[in-house]
Amino acid sequence: VVTFTTIIDGFCKVGKIKEAFMILGVMVKSHCSADLVTYNKFLDALCKSGKISTALKLFYYIKKKGCAPTVYTYTKIVHSLCKHGKIDEACTIFDMMVKNHCSADLVTYNIMLDSLCRAMKFLEACQLIDNISKKRLLPDVYTYTTVIGGLCKAGQIVMVMKMLKDHLAKGCALDIVTWNIVLNALCQQSGSNEAYAFLAYMVCNGFCPNLVTYNTLLNSLCKDGKIQQAIRLFVQMPKNGCNPD
RNA sequence: GCGUGCUAG
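If you read the first sequence in this note's numbering, its first letter stands for residue 1, the second for the next number, and so on.
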């Protein structure tokens, strides 16, 4: 199974789904049946190429066959539905997990949380956060970042700043992406001066700007007509190990 | 051998 699945993965990665299905045919003829990892590869490829309805069909086929989809399978489908704005359908699948005794893990929750925030469904997002703690799942960097990103989207910059401070004090996992999200929100909601000051705050806390950090701030400075400041920032990039792209 | 987050184009 591993050999065939690896080949199938190869075809899927380059978008040759039909060829991958042919390998599946060869596989069956060799009396080797596909397992969930194999199916997950197909689902992945189908989802990535936007063929959600085909993916959903395969998903239901897998279930009908008596294979119990794994957390990975469910999560992929949930993610794909979310990405295409089909949050309600994603919720349906999400709820199906409980019924099928395959409980959602942190990745699944993070994905749902992110999609709810993107759709500005903050009430539902809060309920989801409650469920995460009820299930005694420990939030990770993705969770924190998603929550902070959601608050940014809701225009709650003050609360975001409080939360950042709190997380720093508690030593919660944060990374450069978290900071970049806040930086971007500041650029849009408070202007480039605030954002510029925020960069200094970030560096004070031991985080190193990356290419996205620079691009975000440069974009904002240029939009505000602050070309000199932008140039000053631009020339700092190489010595911080960031080559402009 | 499989799943989640940031800017711009």
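We put the beta carbon where it would ideally sit given N, CA and C, even for glycine.
Using a 10 angstroms sphere on the CB of Thr92, the tally of other CB atoms stays under 16, which defines it as exposed. Per the coordinates, the alpha-carbon of Cys222 lies some 40 Å from the alpha-carbon of Leu46. Taking a contact to require three or more Cβ pairs closer than 8 Å, the region 113-129 and the region 92-102 do not qualify as touching. Ranked by how close their Cα comes to the Cα of Ala68, the residues Lys51, Lys99, Asp175, Leu81 have Lys99 in first place. Here Met22 is exposed. Its C-beta has fewer than 16 other C-beta atoms within 10 Å. Contact check for Leu183 and Thr213: beta-carbon distance about 6 Å, within the 8 Å limit, so the pair qualifies. The alpha-carbon separation between Thr108 and Thr145 amounts to approximately 15 Å.
Take the alpha-carbon of Pro209 and the one of Asn240: they are about 8 Å apart. Minimum Cα-Cα distance from Trp179 among the listed residues Phe4, Ser80, Ile87, Gly149 corresponds to Gly149.
For Leu233 against Leu211, the beta-carbon gap comes to about 12 Å, at or over 8 Å, which does not count as contact.
With a minimum length of 4 residues, the unbroken runs of alpha helix (DSSP H) contained wholly in the region 64-115 fall at 71-83, 87-99. DSSP places Arg136 outside both helix and strand once states are collapsed to three, so it counts as coil.
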